[in-house]
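Below is one structure, written out as structure tokens, with a few remarks after it.
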Amino acid sequence: MLWVLVTDLLRRHDHLLRLDRWHRLGYLAGLCESFVFWGVLLYVAARSRGIFRGAVGGLFVLLFSVALGVEGAFHRQWNTYLTLDGQIHSKSVADSLYGYLPLTRPTLLFEVVLAIAASIGMLVFARRFVRPRRIPRLVAPLLVPAVLVLAVKTPVSYRVVMSSPPDLLYFHGVTAVVKENLDITNDSPDLRVERRRPEPVPKLSSRPKRPRNVLLVLQESQRADVTCVAYDPASDCATPFSNEAMPNRMPLYEMHAHDSTTAISISNIWSGVRPTEPRAVLHSVPLLWEYAAAAGWDTAYWTSQNLIFGNARLYVQDIPASHFAVATHLDTMADLDAGAYDSLLTERVIQEFGELEEPFFAVVHYSNVHYPYVYDEKHAPFQPAAFKNAPELNDQFLNYYKNVVYLSDKAVGKLLRHVRESDKGARTVVVYTSDHGESFREHWQMGHTSSLYEEEIRVPTWIDAPEGTLAPEEEASIRAAEHAYVYHLDLAPTFLDLLGVWDDPALVPFRRRMIGHPLTRPERTIEPVPLTNCTGVWECAFRNWGAMQGPLKVQAREWDGEYHCFDLRTDPDEEKNLGEAACGSLPLFARALYHVMPNVTPPGRPKVNWGK
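full-length UniProt numbering puts the last residue of the sequence shown at 612; the count rises by one with no breaks.
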């Protein structure tokens, strides 16, 4: 118990000292259980002879080393412990035992080795100084099965407060994974992100048309119609701070995500690969950081997103980045859905921005516009507002959402001002977009992931480039795309062109998988593009998919027996379904791509590209 307590205090003493009375008592009870568990195993292993001496001694070293070693390594990597939330979506029990950690990293390996050494030291100490008496020596082995059952059956505090010791958190999480994979429970029926195994990127030759750095600012769940996409000094939009920070930005009014799910959007933006590719491909294609590093650029990723959610941490765990921070680095108890405060993210980036070596590629990824939202009544200009989703209060709920966007944009604006006022910022191209939008009953939906209507997939996007960071033809091409139908799949090619590697012959094998085109060049993506919330990185609980080509869009949801067709030029709010025939071959493209309509439930779990 002393080892568990001391190491836990060293890691999160501030948090433990802030626990209220009842959670302190709960933590103390957990320590007592930990003492009983390890004490019984150690007492039995301290016998001078007998079959239990070796077997239970080995069991003690194994369990102690794995539980405390992995939790120590996980905390060093993510500034939080490995719990059920970080385990439940694992489809491999073996990999979940070590939390999918890159244990070849010296700092993480140290934690495991330290736990092994401690367990062996305790065992040697017990065998030397503990002399079990006759009756306890006979009774203690009978308690081993009981304490093992106790360890896996005891409820723990693993979310919000996390007032349980790390060893109990570990056993609780692993137990949940085993039960899930044995179909005893069904808490994670859909596939989620797994650890990437990216193809190696050969050395790339970077030849940008102008010297520059590149910064992607990625928002969460932000609708285009509440955002100042273009500079407007008189606008009452929900993003006044970013609006003022970069008045010379170039708007892209018709940027579309291919989905309304964060995990799918970031895959599209960062890889440039179709979301309909097989799961193995989506987890093996390089991301923008790998390309940038291969070209000799410094890289960074900062986010207020809590990447413990849905295994999201595994998607970026192994990217090459000199600066890296996620929600739990900013606040160890960050909300699982809304993340850490966006203001904390901005402060972290401001603190480290000057440390980046030029040229650099960096991503700043915000989170607080995700439900259940981060709201501050002191910064809520849109009234009346209410956090209530009753149909009759929809306008008030939308105002509440706009106030959430306003608060998040306050942090974004502060960052953008700092970037532009810094020396390196004068040489930095900023690309701003959102992963997807948010619906408020426009088509009988709330939130996101459940449909592909404009309120969920038309996203605010703009590019701001200081003088001298773009060639004239690059700037002209971006300005020409102001009202063009462009897509998230165009962004990876755009970034690669900004990095100066798009024309490198070594990139050709990777470009073959990309259907998008650089916005810095005249050619546009005119072929049909997939739209789907069901992919190999994130299966859908609610099936919906479709396709888009220019202003024409088809989409269908679980209850639809045919695709709905819309022409966004004449019907931007998608109020009139024109029927499949009006969209030409687009419905045929969608049927060939997805095999069945969303309302057809495939038997079992067929291995198809679109997820479930």
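Cβ atoms here follow ideal geometry from the backbone N, Cα and C, with glycine treated the same way.
Per DSSP, residue 554 lies in no alpha helix (DSSP H) segment; the continuous beta strand (DSSP E) that holds it begins and ends at 552 to 557. For the segment 508 to 579, the full-length alpha helix (DSSP H) segments reaching 4 residues or more read 508 to 511 along the chain.
Taking all protein chains in view, the Cβ of residue 444 is surrounded by fewer than 16 other Cβ atoms within 10 Å, so the residue is classified as exposed. Between residue 546 and residue 555 a beta carbon distance of about 3 Å is seen, short of the 8 Å cut, so the two are scored as contacting. Rounded to the nearest whole angstrom, the CA to CA distance from residue 370 to residue 329 is 19 Å. Shortest Cα-Cα distance from residue 173 to any of 28, 507, 93, 363 involves 93.
In the DSSP secondary-structure assignment, residue 23 is not bridged to any residue. The secondary-structure analysis by DSSP pairs residue 339 across a beta bridge with 335. Within a 10 Å sphere around the beta-carbon of residue 423 sit fewer than 16 other beta-carbons, which makes this residue exposed. The segment 291 to 305 makes contact with the segment 494 to 511, as at least three CB pairs between them are under 8 Å. Here the C-alpha atom of residue 548 lies approximately 20 Å from the C-alpha atom of residue 512.
DSSP places residue 133 in the coil class of the three-state scheme, outside both helix and strand. Residue 432 has 217, 462 as its beta-bridge partners, per DSSP. Nearest neighbour of residue 240 by Cα position, chosen from 551, 90, 253, 226, turns out to be 226. For residue 206 against residue 452, the beta-carbon gap comes to about 36 Å, at or over 8 Å, which does not count as contact. Residue 166 and residue 590 have their C-alpha atoms some 48 Å from each other.
In this structure, residue 433 keeps its C-beta atom at 9 Å or more from the C-beta atom of residue 469. Residue environment for residue 503: exposed (fewer than 16 other C-beta atoms within 10 angstroms of its C-beta). Given a length threshold of 4 residues, the UniProt region "Disordered" (189 to 208) has no whole run of the alpha helix (DSSP H) inside it. The count of Cβ pairs closer than 8 Å, one atom from the segment 386 to 395 and one from the segment 408 to 418, stays below three, leaving the stretches out of contact.
In this structure, residue 301 and residue 324 form a Cβ contact; the two beta carbons are roughly 5 Å apart against a cut-off of 8 Å. With respect to residue 409, residue 360 sits apart: the two C-beta atoms are not nearer than 9 Å. Following the DSSP letters along the chain, one finds residue 324 inside the beta strand (DSSP E) bounded by residues 323 to 325. Assignment of residue 440 by DSSP, reduced to helix, strand and coil, places it in the strand class. Burial state of residue 90 is buried, judged by a 10 Å Cβ sphere holding 16 or more other Cβ atoms. Taking residue 484 as the centre and dropping the five residues before and after it, the same chain places the C-beta of 254, 524 closer than 7 Å to its C-beta, in chain order. If only complete runs of 4 or more residues are kept, the segment 222 to 252 shows the alpha helix (DSSP H) at 240 to 245, in order along the chain. Nearest to residue 364 by alpha-carbon distance, out of 171, 216, 114, is 216. Between the alpha carbons of residue 25 and residue 67 lies a gap of roughly 23 Å. One thing to note: residue 535 has its Cβ within 9 Å of the Cβ of residue 275. Here residue 162 carries a coil assignment [DSSP, helix/strand/coil]. Residue environment for residue 135: exposed (fewer than 16 other C-beta atoms within 10 angstroms of its C-beta). About 6 Å separates the CB atoms of residue 140 and residue 40; that is less than 8 Å, so the two are in contact. Here residue 573 is not near residue 475, since their CB atoms are 9 Å or more apart.
Excluding five sequence positions before and after residue 98, the CB atoms of its chain that fall closer than 7 Å to its own CB belong to 70, given in chain order.
Residue 309 is a Cβ neighbour of residue 337, given a cutoff of 9 Å.
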